[in-house]
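Asker:
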Amino acid sequence: MTVELLVNVTPQETRVAVVENGMLQEVFIERARCRGLVGNIYKGIVSRVLPGMQAAFIDIGLDRAAFLHASDITSAEESEKAEQNAEDSITRLLQEGQEILVQVIKDPLGTKGARLTTRITIPSRYLVFMPGAGNVGVSQRIEDEDERQRLREAVLGARGEQGGGYILRTAAEDATSEAVASDLEFLQRLWASIQEGIGKVGPGGVVHEDLPLALRVLRDISDAEVEKLRIDSRETFQRVEKFVAQFTPALKDKLEYYPGERPIFDLYGIDDEIQKALERKVQLKSGGHLVIDQTEAMTTIDVNTGAYVGHRNLEETIFKTNLEAAQAIVRQLRLRNLGGIIIVDFIDMQNEDHKRQVIRALEKHIERDQANCHISEISSLGLVQMTRKRTRESLEHILCETCPTCSGRASIKSAETVCYEIFREILREARQFDVEQLLVLASQEVVDLLLDEESTSLAELEAFIGKPIKFQVEALYSQELFDVVLL
Numbered sequence: 001m002t003v004e005l006l007v008n009v010t011p012q013e014t015r016v017a018v019v020e021n022g023m024l025q026e027v028f029i030e031r032a033r034c035r036g037l038v039g040n041i042y043k044g045i046v047s048r049v050l051p052g053m054q055a056a057f058i059d060i061g062l063d064r065a066a067f068l069h070a071s072d073i074t075s076a077e078e079s080e081k082a083e084q085n086a087e088d089s090i091t092r093l094l095q096e097g098q099e100i101l102v103q104v105i106k107d108p109l110g111t112k113g114a115r116l117t118t119r120i121t122i123p124s125r126y127l128v129f130m131p132g133a134g135n136v137g138v139s140q141r142i143e144d145e146d147e148r149q150r151l152r153e154a155v156l157g158a159r160g161e162q163g164g165g166y167i168l169r170t171a172a173e174d175a176t177s178e179a180v181a182s183d184l185e186f187l188q189r190l191w192a193s194i195q196e197g198i199g200k201v202g203p204g205g206v207v208h209e210d211l212p213l214a215l216r217v218l219r220d221i222s223d224a225e226v227e228k229l230r231i232d233s234r235e236t237f238q239r240v241e242k243f244v245a246q247f248t249p250a251l252k253d254k255l256e257y258y259p260g261e262r263p264i265f266d267l268y269g270i271d272d273e274i275q276k277a278l279e280r281k282v283q284l285k286s287g288g289h290l291v292i293d294q295t296e297a298m299t300t301i302d303v304n305t306g307a308y309v310g311h312r313n314l315e316e317t318i319f320k321t322n323l324e325a326a327q328a329i330v331r332q333l334r335l336r337n338l339g340g341i342i343i344v345d346f347i348d349m350q351n352e353d354h355k356r357q358v359i360r361a362l363e364k365h366i367e368r369d370q371a372n373c374h375i376s377e378i379s380s381l382g383l384v385q386m387t388r389k390r391t392r393e394s395l396e397h398i399l400c401e402t403c404p405t406c407s408g409r410a411s412i413k414s415a416e417t418v419c420y421e422i423f424r425e426i427l428r429e430a431r432q433f434d435v436e437q438l439l440v441l442a443s444q445e446v447v448d449l450l451l452d453e454e455s456t457s458l459a460e461l462e463a464f465i466g467k468p469i470k471f472q473v474e475a476l477y478s479q480e481l482f483d484v485v486l487l
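Residues in the sequence shown are numbered consecutively from 1, following UniProt numbering.
#1: Give the list of continuous alpha helix (DSSP H) stretches no shorter than 4 residues that lie fully inside the region 410-453.
#2: Determine which residues share a DSSP beta bridge with Cys406 and list them.
#3: Who does residue 497 pair with in a DSSP beta bridge?
#4: Applying the criterion that 16 or more other CB atoms from any shown protein chain within 10 Å of the CB defines a buried residue, is Asn135 buried or exposed?
#5: Along the chain, which unbroken stretches of the alpha helix (DSSP H) at least 4 residues long are found entirely within the UniProt domain "S1 motif" (39-119)?
#6: Just checking my contact of Asn322 with Val358 at CB under 8 Å: how many whole Å lie between their CB atoms?
#7: Would you please verify whether the beta carbon of Thr417 is less than 8 Å from any beta carbon of chain B?
#8: Check this for me: beta carbons of Thr14 and Asp72, under 8 Å apart or not?
#9: Just the Cα atoms here: how many angstroms apart are Glu83 and Leu156?
#10: Could you pull the start and end residues of the beta strand (DSSP E) that Val358 belongs to?
#11: Using the three-state DSSP reduction, which class does Glu26 fall into: helix, strand or coil?
#12: Rounding to the nearest angstrom, what Cα-Cα distance links Gly339 and Val384 in this structure?
#13: What does the alpha-carbon distance come out to for the pair Lys252 and Tyr258?
#14: Would Ser286 pass as a contact of Leu187 if the rule is Cβ separation under 8 Å?
#15: Using 8 Å as the threshold, is the C-beta distance between Gln332 and Ile292 below it?
#16: Do you know offhand how far Lys242's Cα is from Pro249's?
#17: Would you call the region 139-146 and the region 159-177 touching, i.e. three or more CB-CB distances under 8 Å?
#18: Report buried or exposed for Gly382, applying the criterion of at least 16 other Cβ atoms within 10 angstroms of its Cβ.
#19: Specify, as a first and last residue, the run of the beta strand (DSSP E) that Gln294 falls within.
#20: Quick test of your reading: Ala158 and Ala181, contact by CB under 8 Å. State the CB separation rounded to the nearest angstrom.
#21: What does DSSP give as the partner residue(s) for Phe129 in the beta ladder?
#22: Let's test the definition: count the other Cβ atoms within 10 Å of the Cβ of Cys419 and tell me whether it reaches 16, buried, or not, exposed.
#23: Taking just the CA atoms, how far does Gly22 sit from Glu4?
#24: Is the separation between the beta-carbon of Ile120 and that of Ile41 shorter than 8 Å?
#25: Tell me which residues share the same chain as Val330 and place their Cβ nearer than 8 Å to its Cβ, disregarding the 5 neighbours each side in the sequence.
#26: Tell me the residue span of the beta strand (DSSP E) that contains Asn8.
#27: Apart from the five residues on each side of it in sequence, which residues of its chain come closer than 7 Å, Cβ to Cβ, to Val18?
#28: For Met386, is the classification buried or exposed, using 16 other Cβ atoms within 10 angstroms of its Cβ as the cut-off for buried?
#29: State the start and end residues of the unbroken beta strand (DSSP E) segment that holds Arg388.
#30: Under the three-state reduction of DSSP, which class applies to Ser376: helix, strand or coil?
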């Protein structure tokens with residue numbers, strides 16, 4: 001597996017593309033006007049306590065108050081007590097007007113405010129520092145038991161008498177004890193500076209801001225897999241160069257400044273892939289396709305054979321389509337950054353072994369995903385239920401907005417329906433007011449239909465109300481919009 005990172009920087013936004021074996025797998029976008037908040041630490045003010053929800057709204061200086069649940073304040077033991085005595089637990093923990101140090105764990109999504117926690121975590125290259133804890137954990141993705149023990153001992157040795165808990169990240173695998181100790185020392189210094197900053201900022205102020213996107217991706221991705229990192233901004237390249245020298249020296253020879261006139265994303269067709277990721281339908285190489293619908297409650301993915309007819313029999317055709325779909329689905333989840341509840345409707349399979357193989361394929365491909373995912377078995381209805389942790393907006397929500405014509409319904413009234421609405425409105429107006437004639441303002445499609453296929457009905461309506469009806473095309477009117485003017 002060869003991984004290339006492409007960083008495209010403009011004054012307005014930074015975009016990072018993760019390309020695996022020549023194919024775009026993930027894209028991260030951060031705009032100067034609305035940078036992501038995950039990882040930022042704030043001095044918040046409790047604005048409202050909600051005992052019924054066991055939560056509180058915290059003012060951290062954003063447009064919408066952020067949300068803090070009781071389970072994100074207390075320890076595991078206290079959470080159990082809180083559930084048993086739910087009525088007063090949150091009121092014991094928080095009071096309105098109280099200052100509290102919080103960290104953003106989820107960006108504001110849609111109409112919801114940011115999600116907060118009081119369990120501060122500060123990541124570095126190899127470690128995640130937890131000031132309020134005392135244990136040392138190791139990423140589950142590091143499977144070798146000897147390596148896990150070596151890393152744990154390296155942290156314990158470097159930590160000494162200092163407090164705080166640590167989690168060794170996947171990137172720490174095969175890292176030297178000196179590199180781990182250096183990371184630990186950096187985190188201790190950073191935490192000391194954060195503590196100093198708490199007294200310097202006012203209520204609702206930012207105490208600590210996470211790294212910008214280009215550096216954040218470098219910190220979080222495993223350098224062993226990265227073959228090349230190409231950046232098209234000289235200023236960003238110099239910043240990344242300093243960061244790499246300090247934290248990820250293994251990437252030094254893989255850094256490359258791209259000065260070409262042709263946009264860096266055009267070299268790999270990234271913009272075309274992003275455009276495809278905004279479409280509802282995804283074509284599979286075999287001729288089958290996926291249909292992806294993103295809603296407020298969940299994302300649904302429907303698998304269809306489409307033009308693929310196979311070579312042997314129906315069951316084999318369905319099996320091969322589902323296997324190909326499993327790989328494509330994981331790529332789309334990462335590329336579109338779809339999170340929350342996801343329902344996949346694979347084509348119905350009769351063979352139990354085929355069902356197991358499709359699920360195993362889905363699990364195998366999703367191992368590459370950095371986000372936490374959970375996949376269930378195929379249900380009695382033939383559906384696969386899965387969840388994917390969501391911390392930031394999906395690609396569609398970042399790049400798109402609700403259609404003003406259909407208001408997010410993904411459909412509009414037909415011209416025929418609008419014609420009949422106009423007829424009813426004309427009757428309503430003619431009965432209420434004494435006018436000489438009526439003028440209908442509508443879109444080109446509606447006016448054409450009224451004067452063509454509905455001309456007989458229109459003549460009958462004019463005879464019935466005894467008034468002439470005129471029409472005027474309004475180019476700016478959508479198909480659903482019309483006005484009946486009394487003259």
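All C-beta atoms in this analysis are idealised placements derived from N, C-alpha and C, irrespective of residue type, glycine included.
Answerer: Taking the geometry as given:
#1: 415-432, 444-451
#2: DSSP lists no partner for Cys406.
#3: No answer is possible for residue 497: the residues shown for the chain start at 1 and end at 487.
#4: exposed
#5: 76-84, 86-93
#6: 5 Å
#7: Reference to chain B is not applicable here, since this structure consists of a single protein chain.
#8: no
#9: At Glu83 the pLDDT is 49, less than 50, meaning the model places this residue with poor confidence; the figure from the coordinates comes in the next sentence. C-alpha separation (whole angstroms): 34 Å.
#10: Per DSSP, Val358 belongs to no beta strand (DSSP E); it is in the alpha helix (DSSP H), 352-366.
#11: strand
#12: 15 Å
#13: 15 Å
#14: no
#15: yes
#16: 10 Å
#17: yes
#18: exposed
#19: 289-294
#20: 4 Å
#21: Ile122, Tyr166
#22: buried
#23: 8 Å
#24: yes
#25: Leu362, His365, Ile366, Arg368, Asp369
#26: 3-9
#27: Val3, Leu5, Gln25, Glu26
#28: buried
#29: 383-388
#30: strand
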